[in-house]
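Participant:
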Amino acid sequence: MLDLKIIRKNSDKIKEAIKNKNESVDLDKLLSLDIKHRKLQTELDSMRHKKNKVSEEIAQSKRDGKDEVEKIQQMKKVSQDIKRLEKEEKEINEEIKSMLVWIPNIPHNSVPVGKNSSFNKIIRETPREKPTFTFLPHWQLAEVNKLVDFRRGAKVSGTNFPCFTGMGARLERALINFMLDTHISNGYKEIFSPFLVNRNAMFGTGQLPKLEEDMYLVEKDDMFLNPTGEVPITNLYRDETIKDENLPLKLVGYTACFRREAGSYGKDTKGLQRVHQFNKVELVKITEPSTSYEELETLTQDAEKILKLLKLPYRVMLLSTGDLSFASAKTYDLEVWAPGSEKFFEVSSISNFEDFQARRANIRMKKTGKLVYSHTLNGSGLATPRTFIAILENYQQEDGSIRIPSALIPYMGGLEIIEEK
RNA sequence: GGAGAGGUGGCCGAGUUGGCUGAAGGCAACCGCCUGCUAAGCGGUUGAACCCUUAACCGGGUUCCGUGGGUUCAAAUCCCACCCUCUCCGCCA
53 MLDLKIIRKN SDKIKEAIKN KNESVDLDKL LSLDIKHRKL QTELDSMRHK KNKVSEEIAQ
113 SKRDGKDEVE KIQQMKKVSQ DIKRLEKEEK EINEEIKSML VWIPNIPHNS VPVGKNSSFN
173 KIIRETPREK PTFTFLPHWQ LAEVNKLVDF RRGAKVSGTN FPCFTGMGAR LERALINFML
233 DTHISNGYKE IFSPFLVNRN AMFGTGQLPK LEEDMYLVEK DDMFLNPTGE VPITNLYRDE
293 TIKDENLPLK LVGYTACFRR EAGSYGKDTK GLQRVHQFNK VELVKITEPS TSYEELETLT
353 QDAEKILKLL KLPYRVMLLS TGDLSFASAK TYDLEVWAPG SEKFFEVSSI SNFEDFQARR
413 ANIRMKKTGK LVYSHTLNGS GLATPRTFIA ILENYQQEDG SIRIPSALIP YMGGLEIIEE
473 K
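Residue numbering for the first sequence follows my numbering, beginning at 53 and increasing consecutively.
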């Protein structure tokens with residue numbers, strides 16, 4: 053959410069941001085409602101002022117033992133008028149608020165302007181080797197080595213609920229533990245959060261109201277299945293003022309993530325590319341405003357470190373305005389190369405939300421005695437399914453077996469090669 | 001699920017015969033004084049959001065005692081609904 057005061061003063065800039073992010077909000081309507089609202093509020097305030105003053109006088113008279121029949125009668129009328137105006141004020145205010153939550157965050161100056169992902173910019177890229185034999189895609193490798201049971205996963209849940217089995221399950225668990233350990237030793241504090249989150253949390257990080265359709269809702273309790281670790285972890289600090297000496301807060305947590313992926317059937321759904329339930333290790337930072345862009349760079353490097361240690365080829369993309377999420381001001385995507393699928397897969401989106409989430413979630417800090425909204429950032433470090441894909445496809449051998457990246461061997465109980473058994 | 005207790009400022013904690021309580025008292029923090037240093041002591045300051053005004057500071061005003069309604073000239077205080085926390089019992093693991 054943006055500050056209404058800032059919207060007033062920078063309406064042109066906001067309009068441009070809305071356009072560049074492919075959103076549509078009638079900002080002029082909002083601005084005229086705002087003017088109307090402020091006028092009403094000023095009027096109301098002066099009426100209340102009068103009411104308070106006269107009530108005070110009545111109280112004084114009562115104490116002196118005098119009756120103030122006329123004043124009471126007069127105030128009766130004023131109170132009614134106030135109530136009427138309050139109702140009107142409330143309605144307009146609600147309308148303003150409901151429009152405000154649909155205004156996206158403003159992209160940072162360094163973000164390339166463009167309609168869609170084709171305007172994204174490659175920031176850096178690691179070299180990749182040409183396959184020396186015919187590389188298989190991961191779903192074949194997973195099947196040959198019995199690592200994922202798609203059929204039985206679908207039986208107990210539904211399509212795109214993969215079930216990891218045997219060494220596949222072990223590899224999934226190894227990835228999670230390896231990532232957590234790496235980030236913890238890098239100064240992040242481990243969090244193991246709840247997986248069901250309430251509406252306030254979903255609103256706080258900006259998933260609601262825009263993305264409600266993409267979430268699993270437990271209707272009976274009006275709770276959502278966690279769509280990404282940023283929701284429970286960032287919202288841990290909702291409605292709190294964090295002591296500035298504790299900033300930046302660096303948090304890491306494993307979460308299972310659930311997404312409906314509504315409308316994406318048939319698109320990139322083969323194997324583990326796009327699934328309804330997956331695992332993720334999430335990095336969250338809460339920082340003071342002046343350092344958030346430096347923190348974005350180091351956060352990106354911290355996530356990248358996982359790919360480096362796993363020796364997977366990847367590239368870092370700077371998202372253009374059209375590809376930027378609703379709440380983000382600037383985002384880097386990490387894309388891992390999968391030679392069997394001959395595709396790059398997004399394994400992490402690292403974003404600076406500036407104070408957009410903090411304003412919604414009311415996360416503040418004291419800076420030289422003044423309360424300000426802190427900045428929030430997050431990024432996956434990493435999402436496992438596509439990392440899993442990349443390992444299978446990059447580490448496959450001609451006979452269909454898969455080598456284990458050296459960093460993961462200790463997490464695989466010393467196992468160096470996965471072979472069909 | 002049942003029974004009870006409770007939700008007040010950064011924290012603790014008064015305040016339920018409605019009015020002088022944005023809120024006593026304490027703690028913490030900050031500023032000053034005092035002291036050879038430390039501790040203690042003395043005086044003062046310290047909530048948030050919003051509106052008007054201002055280049056900004058200042059200033060003026062409104063709102064806020066879990067949330068939302070209601071009663072009243074007037075509500076932290078009375079009434080209704082809801083939410084949350086804690087304790088005990090039951091149930092499930």
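All C-beta atoms, glycine included, are put in the ideal place defined by N, C-alpha and C.
Sorted by chain position, which residues of the same chain lie with C-beta nearer than 6 Å to L188's C-beta, five sequence neighbours on each side aside?
Facilitator: Here residue 188 is taken as the residue at index 136 of the first sequence, counted from 1. Result list for L188: G392, in chain order.
Participant: Could you check if N172 is buried or exposed, using at least 16 other CB atoms within 10 Å of its CB as the buried criterion?
Facilitator: Taking the first sequence and counting its residues from 1, one reaches residue 172 at position 120. Buried is the call here.
Participant: Taking the alpha helix (DSSP H) that Q126 belongs to, which residues open and close that run?
Facilitator: One-based indexing of the first sequence puts residue 126 at position 74. Where Q126 is concerned, the enclosing alpha helix (DSSP H) stretches over V121 to L152.
Participant: Can you name the start and end residues of the beta strand (DSSP E) that A435 belongs to?
Facilitator: The sequence position of residue 435 within the first sequence is 383, counting from 1. Start and end: H427 to A435.
Participant: Kindly list the residues whose CB is nearer than 8 Å to the CB of E472, restricted to its own chain and excluding five residues on each side of it in sequence; keep chain order.
Facilitator: Translated into positions along the first sequence, residue 472 becomes position 420. Here the set comprises V196, N197, K198, G452 and S453.
Participant: Whole angstroms are fine: how far does the CA of V153 sit from the CA of Q126?
Facilitator: Here residue 126 refers to the residue found at position 74 when the first sequence is read from its first residue. Here residue 153 refers to the residue found at position 101 when the first sequence is read from its first residue. Looking at the two C-alpha atoms, the distance is approximately 41 Å.
Participant: Excluding five sequence neighbours on each side, which residues of the same chain lie with their C-beta closer than 7 Å to the C-beta of I5?
Facilitator: Since the displayed the chain opens at 53 and closes at 473, residue 5 lies outside it and no answer follows.
Participant: How many Å lie between V165 and F185 at the Cα?
Facilitator: The residue you call residue 165 lines up with position 113 of the first sequence. The residue you call residue 185 lines up with position 133 of the first sequence. Rounded to the nearest angstrom, the two C-alpha atoms are 40 Å apart.
Participant: In or out: R204 buried (at least 16 other Cβ within 10 Å) or exposed?
Facilitator: Sequence index remark: in the first sequence, residue 204 carries index 152 (1-based). R204 comes out exposed.
Participant: Between the Cα of K135 and those of E95, S150, S113 and K118, spot the shortest distance and give me the residue it belongs to.
Facilitator: One-based indexing of the first sequence puts residue 135 at position 83. Of the candidates E95, S150, S113 and K118, the one whose C-alpha sits nearest the C-alpha of K135 is E95.
Participant: For I110, which of D320, E75, E122 and K88 has the nearest alpha-carbon?
Facilitator: For the purposes of this step, residue 110 is taken as residue 58 along the first sequence, with counting starting at 1. It is E122 whose Cα lies nearest to the Cα of I110.
Participant: Buried or exposed: A435, going by 16 or more other Cβ atoms within 10 Å of its Cβ?
Facilitator: The sequence position of residue 435 within the first sequence is 383, counting from 1. Per the 10 Å Cβ criterion, buried.
Participant: I need the DSSP call for N168, collapsed to helix, strand or coil.
Facilitator: Looking up residue 168 in the first sequence gives position 116. In this structure, N168 counts as coil in the three-state DSSP scheme.
Participant: What would DSSP say about Q449, mapped onto helix, strand or coil?
Facilitator: The sequence position of residue 449 within the first sequence is 397, counting from 1. In the structure shown, Q449 sits in coil (DSSP, three-state: anything other than H, G, I, E or B).
Participant: Measuring alpha carbon to alpha carbon, tell me which of K149, E140, V106 and Q259 ends up nearest K129.
Facilitator: Position 77 of the first sequence, counted from the first residue, corresponds to residue 129. Comparing Cα-Cα distances from K129 to each of K149, E140, V106 and Q259, the minimum goes to V106.
Participant: Do E224 and L232 have their CB atoms nearer than 8 Å?
Facilitator: Indexing the first sequence from 1 puts residue 224 at position 172. Indexing the first sequence from 1 puts residue 232 at position 180. No. Outside cutoff.
Participant: So which of R326, K272 and P341 has the shortest CA-CA distance to P300?
Facilitator: Here residue 300 refers to the residue found at position 248 when the first sequence is read from its first residue. For P300, the nearest C-alpha among the options comes from P341.
Participant: Pairs of beta-carbons, one from the region 455-472 and one from the region 322-330, closer than 8 Å: are there three or more?
Facilitator: The region 455-472, when compared against the region 322-330, does not touch it at the 8 Å Cβ threshold.
Participant: Suppose the cutoff is 8 Å on Cβ atoms and the five residues either side in sequence are ignored; what does the same chain contact list for F213 look like?
Facilitator: Counting from one through the first sequence, the residue named residue 213 turns up at place 161. Closer than 8 Å at the Cβ level, and outside the excluded window around F213, lie G205, A206, V327, H328 and Q329.
Participant: Given a cut-off of 8 Å, decide if G281 and E334 are closer than it, judged by their beta-carbon atoms.
Facilitator: Translated into the one-based positions of the first sequence, residue 334 becomes position 282. Translated into the one-based positions of the first sequence, residue 281 becomes position 229. Against a cut-off of 8 Å, the Cβ pair of G281 and E334 comes out as a contact.
Participant: Go ahead and pull the three-state DSSP assignment for G392.
Facilitator: Indexing the first sequence from 1 puts residue 392 at position 340. Coil at G392, not helix or strand.
Participant: Measure the C-alpha to C-alpha separation of W191 and L277 and round it to an integer number of angstroms.
Facilitator: In the first sequence, the residue the question calls residue 191 occupies position 139. In the first sequence, the residue the question calls residue 277 occupies position 225. Cα to Cα, W191 sits roughly 27 Å from L277.
Participant: Could you name the residues of the same chain whose beta carbon sits closer than 6 Å to that of I470, not counting the 5 residues immediately before and after it, in chain order?
Facilitator: For the purposes of this step, residue 470 is taken as residue 418 along the first sequence, with counting starting at 1. Closer than 6 Å at the Cβ level, and outside the excluded window around I470, lie N197, M219 and I454.
Participant: From P183 to V388, what distance separates their C-alpha atoms?
Facilitator: One-based indexing of the first sequence puts residue 183 at position 131. One-based indexing of the first sequence puts residue 388 at position 336. In a straight line, the C-alpha of P183 is about 16 Å away from that of V388.
Participant: With a CB to CB cut of under 6 Å and the five nearest residues on each side skipped, what residues in its chain are close to E398?
Facilitator: On the first sequence, residue 398 is found 346 positions in, with the first residue counted as 1. The residues are D385 and E387.
Participant: Quick check on this structure: which residue in I148, D64, A194 and H160 has the alpha carbon closest to the alpha carbon of E445?
Facilitator: Here residue 445 refers to the residue found at position 393 when the first sequence is read from its first residue. Ranking I148, D64, A194 and H160 by Cα distance to E445 puts A194 first.
Participant: Compute the distance between the beta-carbons of N145 and H89, then report whether it is under 8 Å.
Facilitator: One-based indexing of the first sequence puts residue 145 at position 93. One-based indexing of the first sequence puts residue 89 at position 37. Yes, Cβ-Cβ distance for N145 and H89 is below 8 Å.
Participant: Assuming the contact rule is C-beta atoms closer than 8 Å, D266 and R311 should be a hit. Round their C-beta distance to whole Å, please.
Facilitator: The residue labelled residue 266 in the question sits at position 214 within the first sequence. The residue labelled residue 311 in the question sits at position 259 within the first sequence. Confirmed, about 6 Å.
Participant: For E147, which residues from the same chain have a beta carbon less than 8 Å from its beta carbon, with the 5 sequence-adjacent residues on both sides left out?
Facilitator: Locating residue 147 in the first sequence gives position 95, where the first residue counts as 1. So the list reads L85, once near-sequence residues are dropped.
Participant: Run through the DSSP bridge pairs and tell me what L335 is partnered with.
Facilitator: For the purposes of this step, residue 335 is identified with residue 283 of the first sequence, where counting begins at 1. Answer is V304 and G431, bridged to L335.
Participant: Checking the sheet assignment: what are the DSSP bridge partners for I469?
Facilitator: Mapped onto the first sequence, residue 469 falls at position 417. Note: I469 sits in a beta bridge opposite R455.
Participant: Distance, Cα to Cα, T178 vs P365?
Facilitator: In the first sequence, counting from the first residue as 1, residue 178 sits at position 126. In the first sequence, counting from the first residue as 1, residue 365 sits at position 313. Spanning the two alpha carbons is a distance of roughly 6 Å.
Participant: If you run the structure through DSSP and keep just helix, strand and coil, what is I110?
Facilitator: Residue numbering aside, residue 110 sits at position 58 when the first sequence is read from its first letter. Reduced to three states, the DSSP call for I110 is helix.
Participant: Hey, T293 and R416 are a contact pair by Cβ (cut 8 Å); roughly how many whole angstroms apart?
Facilitator: Position 241 of the first sequence, counted from the start, is the residue given in the question as residue 293. Position 364 of the first sequence, counted from the start, is the residue given in the question as residue 416. Contact flag correct, Cβ pair sits at about 5 Å.
Participant: Which residue wins for smallest C-alpha separation from D55, given the options S76, N74 and L83?
Facilitator: Position 3 of the first sequence, counted from the start, is the residue given in the question as residue 55. Taking only the C-alpha atoms, the option nearest D55 is L83.
Participant: For G87, I'd like the list of residues in its chain whose CB is within less than 8 Å of its CB, leaving aside the five on either flank, ordered along the chain.
Facilitator: In the first sequence, counting from the first residue as 1, residue 87 sits at position 35. What sits at residue 87 in the sequence shown is Ile, not Gly. So the list is empty, once near-sequence residues are dropped.
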